[in-house]
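A.B. asks: In my numbering, the protein residues as written are 343 to 807.
By construction, the Cβ of each residue, glycine as well, lies at the ideal position given by its N, Cα and C atoms.
Remember, predicted model here, so these are calculated numbers, not experimental data.
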Ligand SMILES: Cc1cc2nc3c(=O)[nH]c(=O)nc-3n(C[C@H](O)[C@H](O)[C@H](O)COP(=O)(O)OP(=O)(O)OC[C@H]3O[C@@H](n4cnc5c(N)ncnc54)[C@H](O)[C@@H]3O)c2cc1C
């Protein structure tokens, strides 16, 4: 009889297109484990909303496995460092001789996995570490074998490799015995999230993917920057916890591009997914990114402001800049923020308030339902001009111009800043002092022109020092 295999789920909370599940089952019967590490997650600033969604997804996974007669163990320890002992104990108790998992790219996760592999080996248990959730998991390197530091050439090479190494999604695991009841108890670490906005059932998430590709892929390049419109996929909360596999994403793009007479290779949404791969693989090459360090070492010398009142106004969505405030309130109310707004809000904090990007990065992680270290760190360092292929330091978003351009009718602002909902026309982007006073909306916390110059000077000093 073939030995039973253990599949260790981590940041790949799905049955569809899951290599570890699929390949392990080819070896024999499987059991599945998820080990919660709430204290570690707290140290990583993971938000209650993200934990809530994760727990709801685990409930769905447990049900799906039970229908297939596959045992699902849920365990809890405090930190990553406690995981190895828990896994070894489970394997010994259940007489399991091999553990399968899909790798991750952040440093703490990789360190955890090395310790786990060592402990398993010492206990005579095999471990199978498979590729991480990247669309192109082969190394994407320059001709000299170096990592790319700029996105566009990375993307060109990425696309070449993608066309050479196409793979189909892995099938869902098959039933291996009679179905049984799944007994679910909501864990203490599960926070609240807006389940009216974010479905957790795998089938619904896959339907959301297909519907997006069917209805919105074509208009995505033109409409993706307008936050009032449902033009982007809003799939990031699922991508962040591995609820959708990379081959499934690709297959969906290829299918729907084909059906709509478009070339999948040049697809703009696919390019966005390449950014996700880009930031994830950077963590493998540049460990300092996982140590609160900027990609450009010289930018560690920027003298950031200790402006507590400014920081609080930003967090609360009370900066007096309507588009920034609408963005921050969207984040607080839904756990999610539109990409254009993330750039505006991050540029506001780091350039106009000149507050350390790490404070913004941390606040976003604590709030976002899609908080993901690589993308969040990449986005913040891009905005603060400290990162790999970042915005040039003299590029400071003018929040009012951005607002006029990307929310021309003020529709998005009205949705999230109800104080201003009665305003007609352009005045919503920058109401007069009288209107602000009448509507109880704050004065701007900074003078844009002055603040912009101070930021440019602070960065320019680095060049001359
Ligand atoms: C300051 C800042 C912080 C950010 N923090 C996060 C974060 O914590 N988690 C996160 O997933 N994204 C983050 N992003 C990237 C981006 O804003 C979100 O991925 C996107 O808004 C999610 O919405 P969507 O799913 O509708 O995206 P779509 O436009 O539909 O894009 C599809 C998917 O591609 C990926 N993606 C898109 N843009 C980017 C990007 N610039 N970088 C990396 N991946 C991308 C995401 O997985 C996204 O779900 C951040 C960007 C900035 C500027």
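With distance defined between alpha-carbon atoms, name the residue in 376, 355 and 359 nearest to residue 348.
C.D. replies: Comparing Cα positions, the closest option is 376.
A.B. asks: Does DSSP classify residue 378 as helix, strand or coil?
C.D. replies: Note: residue 378 maps to strand in three-state DSSP.
A.B. asks: For my contact list, residue 630 and residue 399 are in at a C-beta cut-off of 8 Å; report their separation, rounded to the angstrom.
C.D. replies: Contact flag wrong, Cβ pair sits at about 32 Å.
A.B. asks: Tell me which same chain residues have a C-beta within less than 7 Å of the C-beta of residue 634, skipping the five on either side of it?
C.D. replies: Cβ within range, chain order: 700.
A.B. asks: Of all the options 659, 697, 692 and 805, which has the alpha carbon lying nearest to the alpha carbon of residue 758?
C.D. replies: Here the closest residue by C-alpha is 659.
A.B. asks: Would residue 445 and residue 471 qualify as a contact pair, given that the criterion is a beta-carbon distance under 8 Å?
C.D. replies: Taking 8 Å as the Cβ cut-off, residue 445 and residue 471 qualify as a contacting pair.
A.B. asks: Using a threshold of 8 Å, state whether the C-beta atoms of residue 511 and residue 590 are closer than that.
C.D. replies: A contact, by the Cβ cut-off of 8 Å.
A.B. asks: Using beta-carbon positions only, say whether residue 720 and residue 729 come within less than 8 Å of one another.
C.D. replies: Going by C-beta atoms, residue 720 is nearer than 8 Å to residue 729.
A.B. asks: Does the Cβ of residue 725 lie closer than 7 Å to at least one heavy atom of ligand 1?
C.D. replies: Yes, Cβ of residue 725 sits closer than 7 Å to a heavy atom of ligand 1.
A.B. asks: If you reduce the DSSP assignment to three classes, tell me which class residue 780 lands in.
C.D. replies: Here residue 780 sits in helix by DSSP.
A.B. asks: Under the three-state reduction of DSSP, which class applies to residue 601: helix, strand or coil?
C.D. replies: In the structure shown, residue 601 sits in a helix (DSSP, three-state: H, G or I).
A.B. asks: So, is residue 588 buried or exposed, given that buried needs 16 or more other C-beta atoms within 10 angstroms?
C.D. replies: Buried, because 16 or more other Cβ atoms sit within 10 Å of the Cβ of residue 588.
A.B. asks: In its own chain, which residues sit with a C-beta less than 8 Å from the C-beta of residue 501, not counting the 5 before and 5 after it?
C.D. replies: Excluding positions up to five away in sequence, the list reads 607 and 616.
A.B. asks: Could you pull the start and end residues of the alpha helix (DSSP H) that residue 418 belongs to?
C.D. replies: No alpha helix (DSSP H) contains residue 418, which is instead part of the beta strand (DSSP E) from 414-418.
A.B. asks: At a threshold of 7 Å, does residue 670 count as lining ligand 1 (C-beta to nearest heavy atom)?
C.D. replies: It does not: the Cβ of residue 670 is nowhere closer than 7 Å to a heavy atom of ligand 1.
A.B. asks: Can you check the segment 651-677 for any alpha helix (DSSP H) of at least 4 residues that lies completely inside it and give the ranges in chain order?
C.D. replies: Taking only runs of at least 4 residues, the alpha helix (DSSP H) segments lying wholly in the segment 651-677 are 664-676.
A.B. asks: Looking at residue 745: is its Cβ nearer than 8 Å to the Cβ of residue 735?
C.D. replies: No, the pair does not count as a contact, with Cβ atoms beyond the cut-off.
A.B. asks: Could you check what DSSP says for residue 355 in three-state terms: helix, strand or coil?
C.D. replies: Of the three classes helix, strand and coil, the one that applies to residue 355 here is coil, per DSSP.
A.B. asks: With contact counted as at least three CB pairs below 8 Å, one residue from each stretch, are the segment 675-692 and the segment 353-361 in contact?
C.D. replies: No, because fewer than three Cβ pairs between the segment 675-692 and the segment 353-361 fall closer than 8 Å, the two stretches do not touch.
A.B. asks: Whole angstroms is fine: what's the gap from residue 562's alpha carbon to residue 571's?
C.D. replies: Answer to the nearest angstrom: the Cα atoms are 11 Å apart.
A.B. asks: From this set, 663, 371, 706 and 618, which residue's C-alpha is nearest residue 581's C-alpha?
C.D. replies: Comparing Cα positions, the closest option is 618.
A.B. asks: Going by DSSP, what residue range makes up the beta strand (DSSP E) through residue 471?
C.D. replies: Its beta strand (DSSP E) spans residues 468-472.
A.B. asks: Out of 605, 673 and 482, point me to the one whose CA is closest to residue 624's CA.
C.D. replies: Considering only alpha carbons, the answer is 482.
A.B. asks: Examine the Cβ distances between the segment 412-425 and the segment 358-374 and report whether three or more of them are shorter than 8 Å.
C.D. replies: Judged by Cβ distances under 8 Å, the segment 412-425 makes contact with the segment 358-374, as three or more pairs qualify.
A.B. asks: If I measure Cβ to Cβ from residue 778 and keep anything under 8 Å in the same chain, skipping five residues before and after, which residues do I get?
C.D. replies: The residues are 662, 784 and 785.
A.B. asks: I'd like the ranges of any alpha helix (DSSP H) spanning at least 4 consecutive residues and lying wholly in the segment 604-641.
C.D. replies: DSSP runs (the alpha helix (DSSP H)) wholly in the segment 604-641: 610-627.
A.B. asks: With DSSP as the reference, please indicate the residues paired to residue 347 in a beta bridge.
C.D. replies: Its beta-bridge partners are 372.
A.B. asks: Would you say residue 793 and residue 694 are within 8 Å of each other, going by their C-beta atoms?
C.D. replies: Yes; because the gap between Cβ atoms is below 8 Å, this pair is in contact.
A.B. asks: Residue 513 by DSSP, collapsed to three states: which one?
C.D. replies: DSSP places residue 513 in coil when its eight states are reduced to three.
A.B. asks: Could you pull the DSSP bridge partners for residue 440 from this structure?
C.D. replies: Beta-bridge pairing links residue 440 to 468.
A.B. asks: Give me whichever residues DSSP pairs with residue 489 in a beta bridge.
C.D. replies: Beta-bridge pairing links residue 489 to 483.
A.B. asks: Just the Cα atoms here: how many angstroms apart are residue 531 and residue 394?
C.D. replies: Answer to the nearest angstrom: the Cα atoms are 8 Å apart.
A.B. asks: Short check: CB of residue 748 to CB of residue 621, under 8 Å?
C.D. replies: Not in contact: residue 748 and residue 621 (Cβ atoms no closer than 8 Å).
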